[in-house]
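Residue numbers (UniProt numbering): 1 to 289. Backbone N, C-alpha and C fix where the C-beta goes; we use that ideal spot for every residue, glycine too. No experiment lies behind these values; they were computed from the predicted model shown. See structure below.
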């Protein structure tokens with residue numbers, strides 16, 4: 001509990017409202033233990049249904065709707081109305097709803113969540129928002145089509161494709177992104193699939209070879225080692241297809257290229273097409289003009 005309280009008061013999203021954030025967290029802790037009922041949270045002009053068992057939803061409550069501060073500020077600054085956004089590893093929809101709040105009715109969000117229990121929670125929030133321009137895909141992303149063993153033994157944030165099946169694992173369908181979705185310009189894709197990100201991006205190779213999308217947000221917390229790929233090797237693979245890894249400074253609206261994100265430290269890294277870097281920077285500058 002002390003660790004959580006420290007995280008709340010030190011989080012940049014709570015900088016000007018630490019007391020309110022602490023009170024909100026205490027109320028949520030009591031509520032989920034005493035009632036076990038979900039709470040509907042006002043979230044970037046949308047409604048996020050927060051289930052007591054869902055860690056991601058709790059983080060939205062604790063950290064003023066911006067738990068991944070740098071990454072979420074980038075999405076708010078970069079996306080535009082009418083954009084199409086892909087959320088791979090959508091969970092209950094923090095990034096899905098955040099992107100939807102920017103792309104609006106003229107845009108579209110594709111949310112991939114293979115865990116059926118979590119996908120059901122995501123659909124609850126989408127129904128509350130009458131979000132007809134969000135498509136939920138209950139399929140895992142990979143570089144092949146077929147099925148894979150899927151472990152959901154941990155909390156909602158640690159469900160993942162596994163290399164070898166056990167008796168407690170389930171089988172889920174998997175597919176290539178460039179065969180599941182239409183070949184159109186995508187403004188941005190986010191990949192947070194617990195170590196399977198390299199394979200999901202390989203499954204979009206028909207698009208990434210022409211630098212579509214110009215920006216990817218990728219979890220690089222070291223989980224790809226489960227599948228024999230180190231973070232350094234992953235970054236080198238992105239470089240070979242023409243993507244530069246970077247982090248975002250939301251206060252200065254600046255991109256900082258880095259090949260060693262673990263030194264920041266940060267778990268989620270931007271991969272920006274080298275010939276679209278200026279385009280991305282221009283969008284960020286226009287946002288602050």
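Asked                                                                                                                                                                   : Found
Which runs of the beta strand (DSSP E), 3 residues or longer, sit entirely within the UniProt domain "Methyltransferase FkbM" (87-243)?                                 : 108-112, 134-137, 146-151, 170-175, 188-191, 215-219
Can you tell me which of the three DSSP states residue 26 falls into?                                                                                                   : helix
Where does residue 257 fall in DSSP's three states?                                                                                                                     : strand
DSSP has residue 42 in a bridge; who is on the other side?                                                                                                              : 47
Among all the DSSP beta bridges, which residues are the ones paired with residue 84?                                                                                    : 108
Tell whether a beta-carbon distance below 7 Å holds between residue 101 and residue 45.                                                                                 : yes
Taking the continuous alpha helix (DSSP H) assigned at residue 60, which residues delimit it?                                                                           : 55-62
Just the C-alpha distance for residue 109 and residue 199, rounded to the nearest angstrom, thanks.                                                                     : 21 Å
With a cut-off of 8 Å on the beta carbons, I'd call residue 51 and residue 121 a contact; round off their distance for me.                                              : 6 Å
With residue 267 and residue 220 assumed to form a contact (beta carbons below 8 Å), what rounded beta-carbon distance in angstroms separates them?                     : 6 Å
Nearest CA to the CA of residue 239: which residue from 229, 271, 255?                                                                                                  : 271
Could you have a look at residue 17 and say whether DSSP puts it in helix, strand or coil?                                                                              : coil
Taking the alpha carbon of residue 62 as the point to measure from, which residue in 204, 177, 203, 4 has its own alpha carbon closest?                                 : 4
Pair every Cβ in the segment 136-145 with every Cβ in the segment 193-207, then say whether three or more of these pairs are closer than 8 Å.                           : yes
In chain order, what residues of the same chain have a beta carbon less than 8 Å from the beta carbon of residue 17, not counting five sequence neighbours either side? : 64
So, is residue 278 buried or exposed, given that buried needs 16 or more other C-beta atoms within 10 angstroms?                                                        : exposed
Please name the residue, chosen from 117, 223, 187, 222, that lies closest to residue 208 on a Cα-to-Cα basis.                                                          : 187
Considering only C-alpha positions, which residue in the set 104, 269, 223 is nearest to residue 245?                                                                   : 269
State the beta-bridge partners of residue 7 as determined by DSSP.                                                                                                      : Paired residues: none, contrary to the question.
Determine the contact status of residue 133 and residue 92, defining contact as a CB-CB distance below 7 Å.                                                             : no
Here's the rule I'm using: 16 or more other beta-carbon atoms within 10 Å means buried, otherwise exposed. How should residue 30 be labelled?                           : exposed
Tell me which residue opens and which closes the alpha helix (DSSP H) that residue 75 is part of.                                                                       : 69-78
Taking the alpha-carbon positions, what's the residue 171 to residue 147 distance?                                                                                      : 6 Å
Tell me, which residues are paired with residue 268 by DSSP?                                                                                                            : 219
Which class does residue 249 belong to by DSSP, given the choice of helix, strand or coil?                                                                              : strand
Between 213, 222, 195, 117, which lies nearest to residue 79 when the distance is taken from Cα to Cα?                                                                  : 213
Identify the residues that DSSP records as bridge partners of residue 273: which are they?                                                                              : 243
On the criterion of 16 or more Cβ atoms from any shown chain inside 10 Å, does residue 23 qualify as buried, or is it exposed?                                          : exposed
In terms of alpha-carbon separation, which member of 125, 116, 222 lies closest to residue 260?                                                                         : 222
Taking Cβ to Cβ, would you say residue 227 is nearer than 7 Å to residue 273?                                                                                           : no
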